[in-house]
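Enquirer: Here's a structure for you.
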Amino acid sequence: MKNLLLALTTTTAMVSPALAEMLELEKDELTFGFIKLTDMAPLAVAYEQGYFLDEGLFVTLEAQANWKVLLDGVIDGQLDGAHMLAGQPLAATIGYGTEAHIITPFSMDLNGNGITVSNEVWEKMLPHIPKMDDGRPQHPISAAALAPVVEEFRNQGKPFNMGMVFPVSTHNYELRYWLAAGGLNPGFYSPENVTGQIGADVFLSVTPPPQMPATLEAGTIYGYCVGEPWNQQAVFKGIGVPVITDYQLWKNNPEKVFGITAEFAEQYPNTTLAVTKALIRAAIWLDENDNANRPEAVEILSRPEYVGADYEVIANSMTGTFEFEKGDKREIPDFNVFFRYNATYPFYSDAIWYLTQMRRWGQIAEAKPDSWYDEVARKVYKPEIYLEAARLLVDEGLANEADFPWDSDGYKAPTPAADIIDGIPYDGRSPNAYLESLPIGLKGEQIVVGNEVQG
Amino acid sequence: MTTVDPDFAASAAREARRERLFTRINTADKWFNVLGLSWVTPILRAAAGDNPQAQVKEIWRLLAIPLLAIAAFLLLWGTLAPKVQTSLGAVPGPAQVWEQAVFLHEDARAKGAQKADFDAKVAQLNERLIAQGKEPKERAFTGAPTYYQQIWTSIKTVFFGFLIATAVAVPLGIAAGLSKTANAALNPLIQIFKPVSPLAWLPIVTMIVSAVYVTQDGWFAKSFLISAITVTLCSLWPTLINTALGVASIDKDLVNVSKVLKMNTWTKITKLVLPSALPLIFTGLRLSLGVGWMVLIAAEMLAQNPGLGKFVWDEFQNGSSQSLAKIMVAVFTIGIIGFLLDRLMYAIQSMFTFSNNR
């Protein structure tokens, strides 16, 4: 019976695209930007598997040098859309950094990042990390183990520098979250001082993802937070040790999004739908049959025009494992989630988490009411486009009805305390209360003036 | 001599043939020089029966020594490279670099297969469109460019930028050479802008092109214009300076003659100034093209505009175990193309100018 069903679904899947009425596309030649990271996979897969072509879209994928160039490309129209940091559309829309109204109909993945420190720092951290019975360090590792090392550096008069990829990147917030959870202050932003290092114990600065290992090797930074494969690359090169993945930091946290300008979505609604359809199909392909397609996906990503790192390096994290110290490979089956757990649905609550972090560290300088968070999230995250695309796919027999949260109001169930490293639960419906519950960071009416937090 | 010695006649004819042959070889020699193949001449001469000893000496100097130098370089490289361990493994030697060159060639052919695949999918799409009563679409392949396409993009861009530079620099240079006032006006600007690095121009050019060239489906891609204009800004100075110098140093007698003949300015420039300034203008152009080529690669790397520069940067970012070798392939490609561009300008110069002043 099960086989029969399977056979039925596959045959319908094969026949349906031919039967389906194609969308009337307003624009069919598109250029999308991406950064060399494994989580750009849905774009590469949609291209290589022909999902874009199935929709009648002629897509060119172009690697970008860094997140700034990529964002500018989308804003000035050189790129029609891009693989983006979730913080980018939000920050652009509220006018932090470059101002432009960017939206997202599609969230690209869950998890996929790690924090790596140099070998030297790792040696110094080791004595402060509890061991398991077999002698290996016990995970997840708290930043509390890093605190004595930072202290030591400070006593020698050396600033403790770490790298992240962009001021409004997930990585900046994750690294800050981890440090703050361990009692280290990563510093505040203020409207006058956008270095984000006001009152910092650990100094964070921007480095584009693929340059992280080289910068660590050069000794400019002692650690970094970045997406894959640049943590595993450090392990392969023997220059650093990943201490924690973001999955251990916050189980199934939201990651990249696919960003387009609001104008694009308005001018080309059918094209937007078609792109979203192709991306959803790619995400399904990446996760289907218990990650059965991952080796093929790794092969695609290892091509020089996509991520280009060696197959083994990419495979390390994409196929359900993650290598910490050399030889210490552990199972993390959900390290990269592309479709399961509604990974692709753009939840307002995900957007709000990013906004709370912007407020927490002073990028949003003044207090905002809860309603403001909801408004901004609705301006940027567009689940309605997503569900429309999903509906078309279900009607064409290319997706399962049961896989989509049709009745969601856009808010995920609150994340329980157990899923987050410092045991502080997150509920997107009450951002201000959440901010109050975080130990380090701005809350209430607090503002940063000069080098001090006031209020 | 009254009697006709048949032997003598034959030898005279042979002598004449040989003479003609040598004249031809000497003419060809100019072209071999231009093409950087000057070692062919002594071989031809030796084959034609010239004094072998003198020719062997020439062949040794022109062919064997450069070959030996290259061999010594490869040997040194091959022995030293594996001793430098980077985090991506040892620095690749000549063998690995050659391997990657072959790989890039094969990759270009594999892309051909991908293109066929793409075309098949487009055909499939068109069948569906026709079945639904819609217009079929024909589109060019949207996949990643091959190595050869990257090279071609760079060459097109450098020539486009270089042509704009020439169009700007030559008239300005003539003006500066003819008139002391124009020279005084231009000189400070030349002095200040000449040393500016392409990497400093690039952000300015990017912003301005993005602001001015807003059309989405114009003749040129924005990235192409940005690279080309950066090339223009950096490569126009040698032509400008050399043109001004060439024009200013025209024989005073010629200038006087033009006054006597009451030539108008246009005739004066086309009949008098340009021909005598041409050697220096070409020297300037050659320098400009060389500068332009160097600048282009830097601009492409920084701005991620398509071309060889982007190839290098992408490989650096890829950080795979073959990346270093691939970057070295690109370095050789850039060098060889730069050399060929210079030879090309030299050849054009040889065709247009008659003086030895090169």
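The listed protein sequences derive, respectively, from chains A and B. Those letters in the first sequence? Residues 1 to 455, by UniProt numbering. Those letters in the second sequence? Residues 1 to 358, by UniProt numbering. Glycine included, C-beta positions come from ideal geometry on N, C-alpha and C.
Whole alpha helix (DSSP H) runs in the stretch 128-211 of chain B with 4 or more residues, listed along the chain?
Expert: 147-178, 180-193, all fully within the stretch 128-211 of chain B.
Enquirer: Determine whether the beta carbon atoms of E284 of chain A and T38 of chain A lie at a separation below 8 Å.
Expert: Taking the first residue of the first sequence as position 1, residue 284 of chain A is located at position 284. Taking the first residue of the first sequence as position 1, residue 38 of chain A is located at position 38. The sequence as given places Ile at residue 284 of chain A; Glu does not occur at that position. For I284 of chain A and T38 of chain A, no; Cβs fall outside 8 Å.
Enquirer: Enumerate in chain order the residues of its own chain whose CB-to-CB distance from A18 of chain A is below 7 Å, with the five nearest sequence positions on each side excluded.
Expert: Against the first sequence, residue 18 of chain A aligns to sequence position 18. No answer about A18 of chain A holds up, because its pLDDT of 46 lies below 50 and its placement is not dependable.
Enquirer: Counting contacts by CB-CB distance shorter than 8 Å, is D39 of chain A in contact with chain B?
Expert: For this step, residue 39 of chain A is matched to residue 39 along the first sequence. No, D39 of chain A lies away from the interface with chain B (no Cβ there is under 8 Å from its Cβ).
Enquirer: Could you tell me whether any Cβ in chain B is nearer than 8 Å to the Cβ of V69 of chain A?
Expert: Mapped onto the first sequence, residue 69 of chain A falls at position 69. So yes, V69 of chain A belongs to the interface.
Enquirer: If we cut at 8 Å on Cβ distances, does N318 of chain B have a partner in chain A?
Expert: For the purposes of this step, residue 318 of chain B is taken as the residue at position 318 of the second sequence. By this cut-off, N318 of chain B is an interface position.
Enquirer: Residues of chain A with CB closer than 7 Å to the CB of S321 of chain B, please, in chain order.
Expert: Taking the second sequence and counting its residues from 1, the one referred to as residue 321 of chain B is at position 321. Within chain A, the residues near S321 of chain B are D310.
Enquirer: Does any residue of chain A bring its CB to less than 8 Å from the CB of V196 of chain B?
Expert: For the purposes of this step, residue 196 of chain B is identified with residue 196 of the second sequence, where counting begins at 1. Taking Cβ atoms only, chain A never reaches closer than 8 Å to V196 of chain B, which makes this a no.
Enquirer: What does DSSP give as the partner residues of W250 of chain A in its beta bridges?
Expert: Here residue 250 of chain A corresponds to residue number 250 of the first sequence, with the count starting at 1. According to DSSP, W250 of chain A bridges with A:I420.
Enquirer: Go through its chain and collect everything with a Cβ distance to F339 of chain A's Cβ below 6 Å, but skip five positions before and after it.
Expert: Residue 339 of chain A sits at position 339 when you count from the first residue of the first sequence. If we look at F339 of chain A and ignore the five residues flanking it on each side, its Cβ neighbours are A283, I284, D287.
Enquirer: Which stretch, first to last residue, makes up the alpha helix (DSSP H) that contains Q232 of chain A?
Expert: For this step, residue 232 of chain A is matched to residue 232 along the first sequence. Note, Q232 of chain A: alpha helix (DSSP H), 230-237.
Enquirer: Using the Cα positions of L287 of chain B and I190 of chain B, report the straight-line distance between them to the nearest angstrom.
Expert: What you label residue 287 of chain B is simply residue 287 of the second sequence in a count that begins at 1. What you label residue 190 of chain B is simply residue 190 of the second sequence in a count that begins at 1. Using only the alpha carbons, I get a separation of about 16 Å.
Enquirer: Going by DSSP, which residues form a beta bridge with E29 of chain A?
Expert: Residue 29 of chain A sits at position 29 when you count from the first residue of the first sequence. Answer is A:F58, bridged to E29 of chain A.
Enquirer: Can you list, in chain order, the residues of its chain with a C-beta nearer than 7 Å to that of F8 of chain B? Leave out the 5 residues immediately preceding and following it.
Expert: Your numbering for residue 8 of chain B matches position 8 in the second sequence. Result list for F8 of chain B: empty, nothing under 7 Å.
Enquirer: Identify the continuous alpha helix (DSSP H) that holds G73 of chain A and give its terminal residues.
Expert: If you number the first sequence from 1, residue 73 of chain A lands on position 73. G73 of chain A -> alpha helix (DSSP H) spans 67-75.
Enquirer: Is there a C-beta anywhere in chain A that falls below 8 Å from the one on K115 of chain B?
Expert: Numbered from its first residue, the second sequence carries residue 115 of chain B at position 115. It does not; no Cβ of chain A falls within 8 Å.
Enquirer: DSSP on R330 of chain A, reduced to helix/strand/coil?
Expert: Indexing the first sequence from 1 puts residue 330 of chain A at position 330. Strand at R330 of chain A.
Enquirer: Taking the beta carbon of F73 of chain B as the centre, do at least 16 other beta carbons fall within 10 Å, making it buried, or is it exposed?
Expert: Reading the second sequence from its first residue, position 73 is the one you call residue 73 of chain B. Flag for F73 of chain B reads exposed.
Enquirer: Using a C-beta cutoff of 8 Å, does W201 of chain B count as contacting chain A?
Expert: In the second sequence, counting from the first residue as 1, residue 201 of chain B sits at position 201. Answer no: the Cβ-Cβ gap between W201 of chain B and chain A never drops below 8 Å.
Enquirer: From the beta carbon of P186 of chain A, is the nearest beta carbon of chain B less than 8 Å away?
Expert: Indexing the first sequence from 1 puts residue 186 of chain A at position 186. So no, P186 of chain A is outside the interface.
Enquirer: Closest by CA to V56 of chain B, which one among B:W39, B:L67, B:R343, B:A69?
Expert: Counting from 1 along the second sequence, the entry for residue 56 of chain B is found at position 56. Nearest C-alpha to V56 of chain B: B:W39.
Enquirer: Check the C-beta distance from Q64 of chain A over to G56 of chain A and give it rounded, since I have them as a contact under 8 Å.
Expert: In the first sequence, the residue the question calls residue 64 of chain A occupies position 64. In the first sequence, the residue the question calls residue 56 of chain A occupies position 56. Not really, about 25 Å apart at Cβ, beyond 8 Å.
Enquirer: For the alpha helix (DSSP H) that contains G246 of chain B, what are its first and last residues?
Expert: In the second sequence, the residue the question calls residue 246 of chain B occupies position 246. Looking at the DSSP string, the run of the alpha helix (DSSP H) that includes G246 of chain B is 222-248.
Enquirer: Look up V453 of chain A in the DSSP assignment and give the residues it is bridged to.
Expert: Taking the first sequence and counting its residues from 1, the one referred to as residue 453 of chain A is at position 453. Paired residue(s): A:V448.
Enquirer: Can you find the residues in the same chain that come closer than 6 Å, C-beta to C-beta, to A91 of chain A, ignoring five residues on each side of it along the sequence?
Expert: Residue numbering aside, residue 91 of chain A sits at position 91 when the first sequence is read from its first letter. Contacts found: G97, V168.
Enquirer: Beta carbon of E174 of chain A, beta carbon of L249 of chain A: below 8 Å?
Expert: By 1-based counting over the first sequence, the position of residue 174 of chain A is 174. By 1-based counting over the first sequence, the position of residue 249 of chain A is 249. Taking 8 Å as the Cβ cut-off, E174 of chain A and L249 of chain A qualify as a contacting pair.
Enquirer: If you count every other CB in all the chains shown that lies within 10 Å of the CB of F339 of chain B, and 16 or more means buried, which is it?
Expert: Position 339 of the second sequence, counted from the start, is the residue given in the question as residue 339 of chain B. Result: exposed.
Enquirer: Can you say whether N451 of chain A is buried or exposed, counting buried as having 16 or more other CB atoms within 10 angstroms of its CB?
Expert: Position 451 of the first sequence, counting from 1, holds the residue named residue 451 of chain A. N451 of chain A should be labelled exposed.
Enquirer: Measuring only the C-alpha atoms, how far is F264 of chain A from M207 of chain B?
Expert: Here the question's residue 264 of chain A lines up with position 264 in the first sequence. Here the question's residue 207 of chain B lines up with position 207 in the second sequence. The alpha-carbon atoms of F264 of chain A and M207 of chain B are separated by roughly 21 Å.
Enquirer: Please tell me whether, using a cut-off of 7 Å, the distance from the CB of I94 of chain A to the nearest non-hydrogen atom of the ligand FAD is below it.
Expert: As far as ligands go, the structure on display features none, and thus does not contain the ligand FAD.
Enquirer: With a Cβ-Cβ cutoff of 8 Å, do D374 of chain A and Y348 of chain A count as a contact?
Expert: Your numbering for residue 374 of chain A matches position 374 in the first sequence. Your numbering for residue 348 of chain A matches position 348 in the first sequence. In this structure, Y348 of chain A lies closer than 8 Å to D374 of chain A by Cβ.
Enquirer: Using only the alpha-carbon positions, how far apart do F34 of chain A and L393 of chain A sit?
Expert: As a first step, residue 34 of chain A must be located in the first sequence, where it is residue number 34. As a first step, residue 393 of chain A must be located in the first sequence, where it is residue number 393. C-alpha separation (whole angstroms): 25 Å.
Enquirer: Return helix, strand or coil for R343 of chain B, following the three-state DSSP convention.
Expert: Here residue 343 of chain B corresponds to residue number 343 of the second sequence, with the count starting at 1. Reduced to three states, the DSSP call for R343 of chain B is helix.
Enquirer: What residues in the stretch 290-302 of chain A have a beta carbon less than 8 Å from any beta carbon of chain E?
Expert: Reference to chain E is not applicable here, since the protein chains of this structure are A and B.
Enquirer: Can you give me, in chain order, the residues of the stretch 54-80 of chain A that have a beta carbon less than 7 Å from any beta carbon in chain B?
Expert: Residues G56, F58, V59, T60, A63, Q64, A65, V69, D76, G77, Q78.
Enquirer: Anything in the stretch 322-352 of chain A with a Cβ closer than 7 Å to a Cβ of chain B? List those residues in chain order, please.
Expert: Here the close residues number zero.
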